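Scroll down for the structure; my scribbles are underneath it.
Protein chains: 2
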Amino acid sequence: MSFSPLVEQLMDALRVLPGVGPRTAQRMAMHLLERNREGGERLAGVLREAVERVGYCQRCRTLTEEPLCTLCQSPRRDDRLLCVVESPADMLAMEEAGGYQGRYFVLHGHLSPLDGIGPEDIGLDQLEAIIAEGKVEEVVLATNPTVEGEATAHYIATQIEAHGARLSRLAYGVPMGGELEYVDGGTLSRAFSGRLPFAGE
Amino acid sequence: MSFSPLVEQLMDALRVLPGVGPRTAQRMAMHLLERNREGGERLAGVLREAVERVGYCQRCRTLTEEPLCTLCQSPRRDDRLLCVVESPADMLAMEEAGGYQGRYFVLHGHLSPLDGIGPEDIGLDQLEAIIAEGKVEEVVLATNPTVEGEATAHYIATQIEAHGARLSRLAYGVPMGGELEYVDGGTLSRAFSGRLPFAGE
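Taken in order, these protein sequences are the chains called R and G.
Each residue of the first sequence is one higher than the one before, starting from 1 at the first, in this note's numbering.
Each residue of the second sequence is one higher than the one before, starting from 1001 at the first, in this note's numbering.
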């Protein structure tokens, strides 16, 4: 025996959510049907609308339902700095960290030839067009510090260096507030080889 | 800065799901918008349909989009046994445990006077009407072994004992396969006072 077909379909559909297995999907379906139908109705509506209307910002490619995102529309950001990130979540993390006043460009992934993801799929033609405008003086390659992120950063560097913009990469090193004991070896040796002169207090 | 209004609304709407906080909601929204719009579209559709169409079985009150659930429609179940549970999930757990061949009745909760949940809210008028038909010989009160579940079982017992059906309750004791060391004190003392003659092998 199982639940009714429609309830089973709902549990099945909920499993598209990351980290949701059969037990969690059942708990979610029961919660929505037994205790919060109004919330379920609202979620269904917003989800449909978001899936249909949210697209990419025409300039930086972040997720937005407008042609241009708020950040690209803002006249207060510095056009001379462009930070290239893999995802809208990375962009938000940079913004929440604070301090950066330039523009962004969102790749929505990284190069992955084996999965058929080439330069156009991550918008590199569009990125090059922005650099070619000549306003950008420095491109911060803030892709993930992973093999794929590094490879993508190198590819981008090769592609745009002819345009004369300075290229930089986020610093590698030990994370703030952590304990050395728990930092992985790769990070630690990078931090050691990139050690800085001690400035004192 | 934050995501666009519609993306923020989506993250907010996802938080109606149990156990989903702001970080998980963001991860879910990003996953749906970046990697699985088709799954998101399907979830939106099924969720709306389920919230609108899934109701209670006219007889046993479990969740179903039909007037009568499959189990109530089945001629193969024993009408002389009725198992009263708090939720459709409890009913499914009993079915998955196997062995029970009777009918069910789903309360969708328990009595909770302080929250304004009285006998009619958990369908006790309907339960009494079923018992009054005279076919049920034994009612298994399988409400949760909690203070509220016990109180609800007692209330039901008082309400229906006049109809002459036998009343029973699930056995209390140590769970199978566990280690005594990790069984809570309340369960252990219940299991001790309800100890059974040793049958040997």
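Note that the Cβ used here is the ideal one computed from N, Cα and C, for glycine as well.
All values derive from a computational prediction rather than experimental measurement.
According to the neighbour-count rule (16 or more other Cβ atoms, all chains shown, within 10 Å of its Cβ), is GLU134 of chain R buried or exposed?
The sequence shown places Gly at residue 134 of chain R, not Glu. Label assigned to GLY134 of chain R: exposed.
What does the Cβ neighbour count give for PRO1088 of chain G, buried or exposed, with the cut at 16 atoms within 10 Å?
buried
Within this structure, are the beta carbons of ARG1169 of chain G and ALA1191 of chain G separated by less than 8 angstroms?
no
Could you tell me the boundaries of the alpha helix (DSSP H) in which GLU1038 of chain G lies?
GLU1038 of chain G: member of the alpha helix (DSSP H) spanning 1037-1053, first to last residue.
Give the residues of chain G in contact with SER87 of chain R, contact being defined as C-beta atoms less than 8 angstroms apart.
MET1030, GLU1034
Taking a Cβ distance cut-off of 9 angstroms, strictly less, list which residues of the segment 1002-1024 of chain G are near chain R, in chain order.
SER1002, PHE1003, SER1004, PRO1005, LEU1006, VAL1007, GLN1009, LEU1010, ASP1012, ALA1013, LEU1014, ARG1015, VAL1016, LEU1017, PRO1018, GLY1019, VAL1020, THR1024
When you compare the CB positions of ALA1142 of chain G and MET1176 of chain G, do they come within less than 8 angstroms of one another, or not?
no
Is the Cβ of SER1092 of chain G closer than 8 angstroms to any Cβ of chain R?
Checking the sequence shown, residue 1092 of chain G turns out to be Leu, not Ser. For LEU1092 of chain G, the nearest CB of chain R lies under 8 angstroms from its own CB, placing it at the interface with that chain.
If you count every other CB in all the chains shown that lies within 10 Å of the CB of VAL270 of chain R, and 16 or more means buried, which is it?
In this structure chain R extends from 1 to 201, so residue 270 of chain R is not present and cannot be described.
Taking the CB atoms as reference points, tell me whether ARG1203 of chain G and VAL1106 of chain G lie closer together than 8 angstroms.
With chain G represented from 1001 up to 1201, any question about residue 1203 of chain G goes unanswered, as that position is not in the structure.
Threshold first: 3 residues or longer. Then list the beta strand (DSSP E) segments lying entirely within the segment 99-175 of chain R, N to C.
Note on the segment 99-175 of chain R: whole beta strand (DSSP E) runs with a minimum of 3 residues are 102-106, 138-142, 166-169, in chain order.
Rounded to the nearest angstrom, what separates VAL16 of chain R and ARG23 of chain R at their Cα positions?
Cα to Cα, VAL16 of chain R sits roughly 14 angstroms from ARG23 of chain R.
Starting from GLU1041 of chain G, find everything on chain R with Cβ-Cβ shorter than 9 angstroms and list it in chain order.
LEU47, ARG48, VAL51, GLU52
Is LEU188 of chain R buried or exposed, if buried means 16 or more other CB atoms sit within 10 Å of its CB?
Its Cβ having fewer than 16 others within 10 Å, LEU188 of chain R is exposed.
List the whole-angstrom C-beta distance separating GLY1040 of chain G from LEU1032 of chain G, where the pair is believed to meet the contact cut-off of C-beta under 8 angstroms.
4 angstroms
Check each candidate in R:GLY45, R:GLN9, R:GLU150 and name the one with the smallest Cα separation from MET1011 of chain G.
Of all alpha-carbon atoms in R:GLY45, R:GLN9, R:GLU150, the one lying nearest the alpha-carbon of MET1011 of chain G is that of R:GLY45.
Could you have a look at ILE1064 of chain G and say whether DSSP puts it in helix, strand or coil?
Checking the sequence, you will find Thr at residue 1064 of chain G rather than Ile. Looking at THR1064 of chain G - three-state DSSP - the assignment turns out to be strand.
With 16 other CB atoms within 10 Å as the buried threshold, where does PHE1003 of chain G fall?
buried
Can you tell me which of R:MET91, R:ILE156, R:ALA162, R:TYR172 puts its alpha carbon nearest to the alpha carbon of GLY102 of chain R?
R:MET91
Rounded to a whole number of angstroms, what is the C-alpha to C-alpha distance between ASN36 of chain R and VAL1054 of chain G?
13 angstroms
Taking ARG80 of chain R as part of the beta strand (DSSP E), name the residues at either end of that continuous run.
78-85
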